[in-house]
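I have placed the structure first, in the form of structure tokens, so that the comments after it can refer back to it.
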Amino acid sequence: MLLATSCALAMISVPTTAWSADQPKTTATAAGKAKPAPKATPTPTPKPVPVDCAKVKCIALTFDDGPGKYADKLLDTFKKYKSKATFFLEGQYVKSRPAFAKRMVTEGHDIGNHSYSHPHLRELSEDKIREELTKTQDIVKKSTGKYPTTIRPPYGELDGRVSAIAAEMGMPIVLWNGGSRDWATKNEKAIYDEVLKNAKREGIILMHDWVEQTVTVMPKLLTALQKQGYHMVAVSSLRGAKDTKAGDVYPVGSEKDEDLPSESPTGDPDDFAQSPSDGL
Ligand SMILES: [Zn+2]
């Protein structure tokens, strides 16, 4: 825990080294006019050191149903806290908010496939399941330049056909082992308390970037998690995720029906009011 905390602090302090104090911004001339200082050699941005979850306490915060309308603000927060997230995107919202999806990829977050229109996959034919998933793969690739690398089926519902199709598409299935109930409570304190209650090393927490209160409480939540020594990483950085094969479910055990609908939002009602014409 000490290591994790000092690590986080060290990372935060990097950009404020002597650099800013020692570099004159302008040079005064005889006429009293300021002219720009000679061009300094640009300081290379230090490459972020990958977090090693074997050495530090990691947790993965995941956001479903997006890109939601508050994704931009959420990304600002993750940037400020030097943290990573995983976004399970719906193709229909990638279509309406491609810039948000692109920003997620550019800023190093993981992107997963959460179907195109959030149906109950178990009620669909195999062809329809395939269509929901491939349409989303294609639109994410078109918008961000990258294909999603994992699938999270809507409502966490899957069966043998969904697993077989995921295997065929070369992607593991990622569920969760801790909820936030953000979609139900829509209350900052309740979301904060629930996430901290469910936080554990290597945990995967389910949240939604269309819930305004989730996005608003995030700075406070990330502060609290960092104080507890957590490093917020994308799912692919978790130790167990690295060994998960296409078609397999991660975290192990979360596919059991009795364990699952601890949290199974009925979709994203707020987003149904949004359309590609909502300006985002
Ligand atoms: Zn969902």
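Mapped onto mature numbering (1 follows the signal peptide of the UniProt record, and there is no 0), the consecutive letters of the sequence shown carry residue numbers -20 to -1, 1 to 260. Note that beta-carbon positions come from the ideal geometry of N, C-alpha and C, so glycine has one too.
Between the C-alpha atoms of Gln206 and Lys122 there is a straight-line separation of about 35 Å. Between the region 86 to 97 and the region 116 to 130 there are three or more inter-stretch CB-CB distances shorter than 8 Å, so the stretches are counted as touching. Nearest to Val29 by C-alpha distance, out of Lys64, Asp52, Gly48, is Lys64. Here Asp44 is buried. Its C-beta has 16 or more other C-beta atoms within 10 Å. For Ala40, the enclosing beta strand (DSSP E) has its first and last residue at 37 to 46. Around ligand 1, the residues selected by a Cβ distance under 5 Å to any of its heavy atoms are Asp44, Asp45, Pro134, following chain order. With the rule of 3 Cβ pairs closer than 8 Å, the region 43 to 59 counts as touching the region 76 to 84. Annotation: the region 181 to 234 contains the following complete segments of the alpha helix (DSSP H) (minimum length 4 residues), in chain order: 192 to 207. One Cα belongs to Leu202, the other to Pro47, and the distance between them is close to 20 Å.
Under the three-state reduction of DSSP, Gly88 is assigned to coil, being neither helix nor strand. Where Leu69 is concerned, there is no enclosing alpha helix (DSSP H), although the beta strand (DSSP E) around it starts and stops at 66 to 69. Around the Cβ of Lys37, a 10 Å sphere holds 16 or more other Cβ atoms; the residue is buried. With fewer than 16 other Cβ atoms from the protein chains shown falling within 10 Å of its own Cβ, His100 counts as exposed.
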